[in-house]
Amino acid sequence: MSLWSFPLFKKGHMTETVVRNAVCLACGCVCDDIDVHTAANRVARAERACELGAAWFAAHDSHVAQPTALVDGAPAPLEDALRVAAQHLRAAHFPLVFGLGQASTEAQRAAVALAETIGGAIEGHTALTHGPTRIAAQLVGEVGASLGEVRNRADVLLFWGTNPAESHPRHFERYSADAVGKFVPNGRAGRTVLAVDVRETPTTAASDHAFLIRPNSDFEALTVLRALLRGAPMRASAVAETGLSVERLRELLEHLKRARYAAVFLGTGLTGTRGKHMNAAAVFQLVADLNAVTKCVALPMRDHGNEMGTDQVLSWTGGHPLALDLSKGTPRSFPGEFSAVDLLRRGDVDAALIVGDAPWAPLPRPAVERLKRIPTVVIDSRVGPLSRAAKVHLTAAVAGISSGGTAYRMDRVPLALRPALVSPHPSAETVLERLRALAVG
Ligand code: SF4
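Right, dumping it as structure tokens:
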């Protein structure tokens with residue numbers, strides 16, 4: 187029994203336990219106010235969790251039924267599986283460590299140490315979502331803020347290429363549109379919500395003003411906004427490509443200029459389309475320019491539970507959030523050169539360690555095919571398709587459900603995890619540390 191959990195009542199022979207203020211890792215909001223009720227070592231109810239969060243808690247039990255480990259698809263004792271996994275990783279000339287978006291920060295740190303020991307490359311889920319945003323921040327800098335600051339101060343909110351009403355269901359309630367803040371005491375009535383997207387979404391429907399632009403014209407629209415902010419004359423033909431008129435773009439800009447405090451949330455609808463990191467850089471530059479007129483901040487809408495943690499850990503340890511090569515004794519980062527997808531697609535890596543929930547799902551097919559051809563070690567809470575094809579699968583407890591540690595919210599605020607279940611499996615951190623010890627020896 188931990189400090190934050192206690193038995194609630196007895197139902198027949200079954201004691202229900204509640205863990206207060208548990209942390210949900212189903213999306214980048216990382217809500218830390220969930221009361222998790224458990225019975226018979228299963229999550230019975232996750233109070234205050236949204237539909238996505240409730241499904242995440244419900245999807246995980248303590249995974250008692252999962253095999254401890256598999257070697258070549260057959261159940262194996264943990265010690266044997268660890269030894270085989272370490273042999274493959276140590277024998278590789280250039281192994282890759284990838285995934286980690288659902289792992290604890292401590293496990294991410296252990297993964298970096300292992301990647302250094304085996305002389306490999308390492309990259310997190312960010313590469314598949316907000317990699318362009320991180321590159322843009324390195325190019326032009328970013329004006330950021332905590333979500334608490336946004337909640338308390340922002341009277342104008344702009345969602346660009348993101349649909350939090352569906353992807354981050356409690357974002358409005360906890361941090362943005364609907365939240366009651368210290369300097370925004372009227373909540374939704376005190377905020378102007380703007381949305382830019384290429385199609386109508388629940389977020390555009392919930393906004394006060396929606397601006398539908400043509401697909402792949404984000405960079406052009408942002409550049410025109412910057413030009414208008416500087417008072418540049420603008421011809422209708424120069425903005426035609428965006429799908430918006432000069433007047434509509436000017437209207438969007440005026441909302442931002444009139445704000446006491448504006449917050450711009452950028453999503454993968456912006457960073458994943460033509461222009462990629464230049465789109466994100468254009469947002470950061472517009473936000474920086476707006477600070478000559480009013481206070482304005484930009485926050486990327488991070489998708490996975492602890493995707494931000496990987497960026498933080500790679501940055502502390504290797505100086506870069508992405509595409510880190512540790513094979514030469516000093517860290518080097520070249521997105522494209524050492525990005526996980528490119529390394530796999532080109533066949534540059536000869537072994538891989540994948541950590542986390544279904545990280546192969548968004549990987550392009552050639553990268554997945556390469557994973558199937560090289561010795562691959564998978565650390566996951568369940569045996570999935572990649573685990574079955576892998577040389578070694580090692581079952582680990584689930585961060586936030588059955589193992590503790592820390593996770594970073596999308597605004598870089600670290601939060602302590604409060605696991606509600608007890609797992610027979612070790613944490614990913616423990617597995618990674620043991621692999622490292624074997625790889626050294
Ligand atoms: S908004 Fe995200 S973190 Fe919060 S409860 Fe829903 S899924 Fe979990």
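Under this note's numbering, the first residue of the sequence shown carries the number 187, and numbering increases by one thereafter.
No residue lacks a Cβ here, since even glycine has one placed at the ideal position from N, Cα and C.
- Message: Comparing C-alpha positions only, which one of Leu539, Gly591, Leu275, Ser353 sits nearest to Leu572?
- Response: Leu539
- Using the rule of at least 16 other Cβ atoms within 10 Å of the residue's Cβ for burial, across every protein chain shown, is Gly628 buried or exposed? Residue 628 lies beyond the residue range present for the chain, which begins at 187 and ends at 627; the question has no answer from this structure.
- Query: By a C-beta neighbour count over all protein chains shown, 10 Å radius and 16 as the cutoff for buried, is Arg551 buried or exposed?
  - Reply: exposed
- Item | Pick from Ala278, Phe243, Val569 that is closest to Val541, judged by C-alpha positions | Val569
- Measure from the alpha carbon of Glu440 to the alpha carbon of each residue in Asn465, Leu476, Asp364, Val469, then state which is nearest. Leu476
- Task: Decide if Lys558 is buried, meaning its Cβ has at least 16 other Cβ atoms within 10 Å, or exposed.
- Result: exposed
- Just how far apart, CA to CA, sit Arg320 and Glu202? 43 Å
- Unbroken beta strand (DSSP E) run spanning Ile304, endpoints: Note, Ile304: premise wrong, no beta strand (DSSP E); alpha helix (DSSP H) at 291-304.
- Message: According to DSSP, Ala538 sits in a beta bridge with which residue or residues?
- Response: Leu282, Thr562
- Task: Quick one: grab the DSSP three-state call for Ala323.
- Result: helix
- Query: If you run the structure through DSSP and keep just helix, strand and coil, what is Leu256?
  - Reply: strand
- Message: Let me check you understand the geometry: is the CB of Cys215 closer than 7 Å to at least one non-hydrogen atom of the ligand SF4?
- Response: yes
- Query: Closest by CA to Asn338, which one among Gly367, Glu615, His579, Ala474?
  - Reply: Gly367
- Query: By the 10 Å Cβ neighbour count, where 16 or more other Cβ atoms means buried, how is Asn402 classified, buried or exposed?
  - Reply: exposed
- Have a look at Val554, Leu580, Leu343 and flag the residue whose alpha-carbon is nearest the alpha-carbon of Leu268. Leu580
- Quick one: is Cys210 near chain C, going by C-beta distance under 8 Å? The structure shown contains no chain C; it holds only a single protein chain.
- Item | Extent of the continuous alpha helix (DSSP H) to which Val270 belongs | 264-277
- Query: Within this structure, are the beta carbons of Pro605 and Gly627 separated by less than 8 Å?
  - Reply: no
- Task: Let me know the secondary structure DSSP gives Lys368 once reduced to three states.
- Result: coil
- Item | Own chain partners of Leu415 with C-beta closer than 8 Å, once the 5 adjacent residues on each side are dropped | Leu439, Lys443, Leu472, Asp475, Leu476, Val479
- Message: Checking 8 Å against the spacing of the C-beta atoms, do Val483 and Val270 come in under that value?
- Response: no
- Item | Length at least 3, wholly inside the segment 478-524: the beta strand (DSSP E) runs in chain order | 481-486
- Task: Check whether the Cβ atoms of Leu314 and Arg595 sit closer than 8 Å, and answer yes or no.
- Result: no
- Item | Helix, strand or coil at Val432 according to DSSP, with G and I counted as helix | helix
- Message: Spatial neighbours of Val209 within its chain, please: C-beta separation below 8 Å, excluding the five flanking residues on both sides.
- Response: Val216, Cys217, Asp218, Ile220, Gly586, Ala593, Leu601, Ala602, Leu603, Arg604
- Item | Continuous beta strand (DSSP E) stretch holding Arg531: start and end | Looking at the DSSP string, Arg531 is not in any beta strand (DSSP E); the run it does join, the alpha helix (DSSP H), is 526-532.
- Task: Under 6 Å Cβ to Cβ from Ser589, same chain only, skipping five residues before and after it: list those, please.
- Result: Ala583, Pro605, Ser613
- Just to check, is the beta-carbon of Pro355 closer than 7 Å to a non-hydrogen atom of the ligand SF4? yes
- In three-state DSSP terms, what is Asn402? coil
- Message: Can you determine whether any heavy atom of the ligand SF4 sits closer than 7 Å to the C-beta of Leu238, and answer yes or no?
- Response: yes
- Task: Please confirm whether any heavy atom of the ligand SF4 lies closer than 7 Å to the CB of Ala585.
- Result: no
- Task: Starting from the C-beta of His354, find all residues in its chain whose C-beta is less than 6 Å away, skip the five residues before and the five after it, and write them out in chain order.
- Result: Cys213, Cys215
- Rounded distance between the beta-carbons of Leu343 and Leu398, thought under 8 Å: So it is not a contact: roughly 18 Å between Cβ atoms.
- Query: Assuming Ala232 contacts Ala240 under a Cβ cut-off of 8 Å, what Cβ separation, rounded to an integer in Å, is found between them?
  - Reply: 5 Å
- Of the residues His223, Leu211, Gly285, Pro263, which one's Cα is nearest the Cα of Thr562? Gly285
- Task: With hydrogens ignored, establish whether the beta-carbon of Cys482 is closer than 7 Å to any heavy atom of the ligand SF4.
- Result: no
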